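Read in order, the letters of the sequence shown correspond to residues 1 to 240 in our numbering. Beta carbons: idealized from backbone N, C-alpha and C, even for Gly. These figures come from a predicted structure and were not determined experimentally.
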Amino acid sequence: MVFLRVSVSLWWVLILKILALETSTEYCSVALWQDGALRERCELVGQKHSEVLLGMVDAVLQEAGCRMQDMGGIAFGMGPGSFTGVRIACGVAQGLAFGANLNVVGVCTLQALADASGKEKVIAALDARMGELYIAVYEKRDGAWTTVSEPCLCKADTAPTVAGMEWFGCGNGFALDGALHAHYAAQLCGVDAQAVPEASAVARLGALEFARGNAVDAALALPLYLRDKVALKTSERAAR
């Protein structure tokens with residue numbers, strides 16, 4: 001379990017209790033934003049998110065001495081990422097929210113990557129399989145994230161162009177064949193190819209969305225897929 005103090009300028013956020021779920025990769029994480037502090041559990045679970053997620057939620061709530069009814073809302077990693085993982089986070093967030101009469105916010109997993117990096121100019125990329133990437137570009141200006149390039153699905157050699165230098169790359173999209181490194185070349189100041197979206201970042205970003213009044217009814221929660229086709233046919237794989 002990780003416990004850390006977070007400084008936030010919006011005072012109303014500090015009194016919120018937000019439960020956050022993130023299951024878009026092979027990691028499963030749950031975080032609780034409580035009175036301006038974060039508690040988190042994160043485990044490498046492979047494809048077992050549905051088996052462990054609710055148990056992790058219970059554990060985090062018990063450690064904090066809270067119940068679902070005490071929450072001010074639920075934030076979830078809405079994708080892009082694993083189709084199954086993204087659906088699990090959205091579905092569980094909806095179920096818990098319906099049961100406790102709470103609103104929800106979806107947080108882009110790529111922005112969660114950027115937020116967790118601790119950097120201010122970030123290219124966030126996740127392996128989308130089939131030779132493609134989920135990628136977005138963010139820059140922190142005056143303490144708030146600005147989206148420089150919206151989340152998209154692309155190949156490394158057609159990744160969004162960025163202006164200037166000192167960009168930080170994060171996510172396993174940078175762990176593939178080196179094509180993304182080559183695409184951005186000298187514009188990168190560093191890379192963390194092991195970084196994964198975390199519920200703690202989803203909680204931080206989600207708390208801000210709640211404070212801004214951007215929460216929605218649980219029935220309106222939607223995942224962000226970016227891709228309609230999950231797998232290639234045998235003939236399509238052979239052609240590639």
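I'd like the list of long-range same chain contacts for residue i, defined as Cβ closer than 7 Å, with 5 residues on each side in sequence excluded.
i	result
Pro-223	Met-78, Gly-79, Val-86, Arg-87, Cys-90
Leu-113	Ala-124, Cys-170, Gly-171, Ala-195, Pro-197
Lys-140	Glu-120
Glu-132	Leu-153, Cys-154, Lys-155
Asp-157	Ala-179, His-183
Quick check on DSSP: helix, strand or coil for residue i?
i	result
Glu-120	coil
Leu-232	Unreliable positioning characterises Leu-232 in this predicted model, as indicated by a pLDDT of 40, which lies under 50. The coordinate reading is nonetheless provided below. Leu-232: coil per DSSP, three-state reduction.
Gly-173	helix
Arg-227	coil
Gly-190	strand
Ser-29	strand
Val-162	coil
Ala-221	coil
Ala-185	helix
Asp-142	coil
Val-202	helix
Glu-43	strand
Glu-22	strand
Val-52	helix
Leu-208	helix
Gly-99	helix
If you drop the 5 nearest sequence neighbours on each side, which residues of the same chain put their C-beta closer than 6 Å to that of residue i?
i	result
Gly-293	What is shown of the chain runs 1 to 240, which leaves residue 293 out entirely.
Asp-127	Asn-172, Gly-173
Leu-110	Ala-124, Ala-136, Pro-151
Met-165	Gln-187
Ala-116	Glu-198, Ala-201
Thr-23	His-49, Gly-85, Ile-88, Ala-89
Gln-94	Ala-218, Ala-221
Val-2	Caution applies to Val-2, whose pLDDT of 41 falls short of 50 and renders its modelled position unreliable; the value that the coordinates give is listed next. Cβ within range, chain order: Glu-40.
Ala-175	Ala-193
Taking all protein chains shown into account, decide if residue i is buried (16 or more other Cβ within 10 angstroms of its Cβ) or exposed.
i	result
Gly-173	buried
Lys-119	buried
Cys-189	exposed
Gln-47	exposed
Thr-161	exposed
Asp-58	exposed
Ala-185	exposed
Glu-209	buried
Gly-81	buried
Phe-98	exposed
Ala-211	buried
Ala-163	exposed
Ala-31	buried
Ala-203	buried
Just to confirm, does residue i get its C-beta within under 7 Å of one of the non-hydrogen atoms of the ligand ADP?
i	result
Gly-213	The model on display carries no ligand, and the ligand ADP is accordingly not part of it.
So residue i and residue j are in contact, right, with Cβ under 8 Å, and what is the actual spacing, rounded?
i	j	result
Ala-136	Thr-147	7 Å
Trp-145	Tyr-138	5 Å
Is there a Cβ of chain D sitting closer than 8 Å to that of residue i, yes or no?
i	result
Gly-99	Among the chains of the structure shown, chain D does not appear; only one protein chain is present.
Suppose the cutoff is 8 Å on Cβ atoms and the five residues either side in sequence are ignored; what does the same chain contact list for residue i look like?
i	result
Leu-54	Val-92
Ala-215	Gly-73, Asn-103, Val-104, Val-105, Glu-209
Leu-96	Leu-19, Val-57, Met-68, Ile-74, Leu-102
Glu-43	Tyr-27, Cys-28, Ser-29, Val-52, Met-56
> Can you give, in chain order, each stretch of the beta strand (DSSP E) that sits fully within the region 58-95 and has at least 3 residues?
Replying inline: 73-79
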